[in-house]
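Heads up, the thing below is written out as structure tokens.
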Amino acid sequence: MHLIAIDWGTSSLRGALLDGKGHVLEERSHSRGILTVPAGGFPGLFEELFGDWMRLTGSFCLISGMAGSKQGWVEAPYCPCPSGRVEVANAIVEIEPGRIAIVPGLSDVHDGVPDVMRGEEVQIFGAMSLVGLSDGLFVLPGTHSKWVTVKRGRVTGFRTFMTGEFYALLSQHSILAHTLDAQAPLDEVAFLEGVTQADNGQGLLHNAFGVRTLGLFERMPAGELASYLSGLLIGEELRTQSIHGGDLVLIGSPALTQRYQLALEVSGNTARTLGAEATWAGLHALSAIHIANKARS
Numbered sequence: 697m698h699l700i701a702i703d704w705g706t707s708s709l710r711g712a713l714l715d716g717k718g719h720v721l722e723e724r725s726h727s728r729g730i731l732t733v734p735a736g737g738f739p740g741l742f743e744e745l746f747g748d749w750m751r752l753t754g755s756f757c758l759i760s761g762m763a764g765s766k767q768g769w770v771e772a773p774y775c776p777c778p779s780g781r782v783e784v785a786n787a788i789v790e791i792e793p794g795r796i797a798i799v800p801g802l803s804d805v806h807d808g809v810p811d812v813m814r815g816e817e818v819q820i821f822g823a824m825s826l827v828g829l830s831d832g833l834f835v836l837p838g839t840h841s842k843w844v845t846v847k848r849g850r851v852t853g854f855r856t857f858m859t860g861e862f863y864a865l866l867s868q869h870s871i872l873a874h875t876l877d878a879q880a881p882l883d884e885v886a887f888l889e890g891v892t893q894a895d896n897g898q899g900l901l902h903n904a905f906g907v908r909t910l911g912l913f914e915r916m917p918a919g920e921l922a923s924y925l926s927g928l929l930i931g932e933e934l935r936t937q938s939i940h941g942g943d944l945v946l947i948g949s950p951a952l953t954q955r956y957q958l959a960l961e962v963s964g965n966t967a968r969t970l971g972a973e974a975t976w977a978g979l980h981a982l983s984a985i986h987i988a989n990k991a992r993s
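Okay, structure coming up:
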């Protein structure tokens with residue numbers, strides 16, 4: 697058997713060809729997120745990007761992410777928390793029976809307001825398999841960061857923070873865009889200054905203005921201010937969390953997990969980190985359950 701594992705997001709997608717044991721044979725990435733696909737264009741684009749993999753003997757494709765949203769290929773309704781691998785695998789939606797299927801996301805509710813994720817649930821299930829955890833706190837940094845609680849192998853709840861999106865808005869579309877250099881590399885000292893400042897009790901709306909005044913009075917150069925702003929935002933995110941020891945796992949790109957590791961160390965916390973391998977492991981685990989279900993039915 698070959699599994700074609702695909703994480704299809706809003707602005708990009710990535711795929712991996714896995715063997716029957718879940719080993720990665722090849723990986724691909726493309727800037728063809730769901731927003732670039734015209735109505736009715738998903739089958740043709742899928743064939744163009746992954747048709748050669750699908751022609752291999754015993755190929756099955758499982759897709760996670762925004763391809764299962766209302767704006768995607770086929771909608772896969774959210775599974776409510778608490779949910780684990782079995783519940784999610786049982787709710788997989790087939791596009792072409794026995795050939796292509798889509799993973800549903802997860803939903804949660806806080807004070808009457810819904811919260812959702814698509815794709816991150818697969819990374820969590822994969823991380824659980826890779827590090828051998830059935831309980832813990834899983835953090836997925838990104839445009840919309842997720843803080844996810846797992847107990848006995850099931851996602852019991854999560855919260856989303858628009859940290860990455862706020863950084864993009866402030867650094868590119870606010871008055872701060874004229875003050876900082878968003879292309880500058882990470883400055884760890886300035887970043888940690890921002891993380892510490894976020895805990896001053898004055899709130900993000902006040903602290904963010906300090907990015908402008910630090911530049912105005914030449915207290916910090918433009919190259920460092922971007923890291924300082926990043927520290928403020930990530931520090932604000934961490935300030936709202938209750939971390940009481942236990943297992944903490946970061947899942948994401950090295951550039952992001954590095955920042956969160958630095959910020960967590962300020963409060964004396966440490967975390968294990970995982971990258972793309974969590975996605976492939978999660979899709980492999982879900983596909984095994986789905987295929988077993990099909991065999992029994």
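When you read off a place in the sequence shown, starting at 1, and then add 696, the result is the number in my numbering. Ideal Cβ placement from N, Cα and C applies to all residues, glycine included.
Problem set entry | For Asp877 and Val770, the rounded distance between their alpha carbons | Answer to the nearest angstrom: the Cα atoms are 40 Å apart.
For this session: Just confirm the distance between the C-beta atoms of Asp943 and Leu833, as a whole number of angstroms; I'd bet it's less than 8 Å.
Result: Indeed, because the Cβ distance is near 7 Å, the residues count as touching under 8 Å.
Problem set entry | Uninterrupted beta strand (DSSP E) stretches inside the segment 928-953 (no shorter than 3 residues) | Listed in chain order, the beta strand (DSSP E) elements of length 3 or more contained wholly in the segment 928-953 are 944-947.
Exercise. If we count Cβ pairs, one from each stretch, closer than 8 Å, do we get three or more for the segment 950-960 versus the segment 740-759?
Worked result: No, the segment 950-960 is not in contact with the segment 740-759.
For this session: Label Asp804 either buried or exposed according to how many other C-beta atoms from any shown protein chain fall within 10 Å of its C-beta, with 16 as the threshold for buried.
Result: Residue environment: Asp804 is assigned as buried (16 or more neighbouring CB atoms within 10 Å of its CB, all protein chains considered).
Exercise. Do you know how far the Cα of Ala772 is from the Cα of Ile702?
Worked result: Linking Ile702 to Ala772 through their CA atoms gives a straight-line distance of about 15 Å.
For this session: Determine the closest residue to Val799 out of Pro778, Gly768, Gly761, with distance taken between C-alpha atoms.
Result: Ranking Pro778, Gly768, Gly761 by Cα distance to Val799 puts Gly761 first.
For this session: Can you give me the Cβ contacts of Phe862 inside the same chain, cut-off strictly under 7 Å, excluding the 5 residues immediately before and after it?
Result: Cβ-Cβ distances below 7 Å link Phe862 to Leu929 in the same chain, with the five nearest sequence neighbours on each side left out; the list follows chain order.
Problem set entry | Three-state secondary structure assigned by DSSP to Val805 | Val805 falls in the strand class under three-state DSSP.
For this session: Measuring alpha carbon to alpha carbon, tell me which of Arg992, Leu982, Gly705, Ile985 ends up nearest His840.
Result: It is Gly705 whose Cα lies nearest to the Cα of His840.
For this session: Taking only the alpha-carbon atoms, compute the straight-line gap between Gly808 and Glu816 and give it to the nearest angstrom.
Result: When rounded, the distance between both Cα atoms is 22 Å.
Problem set entry | For Val844: DSSP bridge partner residues | According to DSSP, which records beta bridges pairwise, Val844 is partnered with Phe834, Phe854.
For this session: Rounded to whole angstroms, what's the CA-CA distance from Gln767 to Gln898? Just pull it up for me.
Result: If you take the alpha carbons of Gln767 and Gln898, they lie about 39 Å apart.
Exercise. Can we say the segment 780-792 touches the segment 966-985, given the rule of at least three CB pairs closer than 8 Å?
Worked result: Enough Cβ pairs lie closer than 8 Å, so yes.
Problem set entry | Beta-carbon separation (whole angstroms), Arg935 vs Ala894, contact threshold 8 Å | The beta carbons of Arg935 and Ala894 sit about 6 Å from each other, so the pair counts as a contact at 8 Å.
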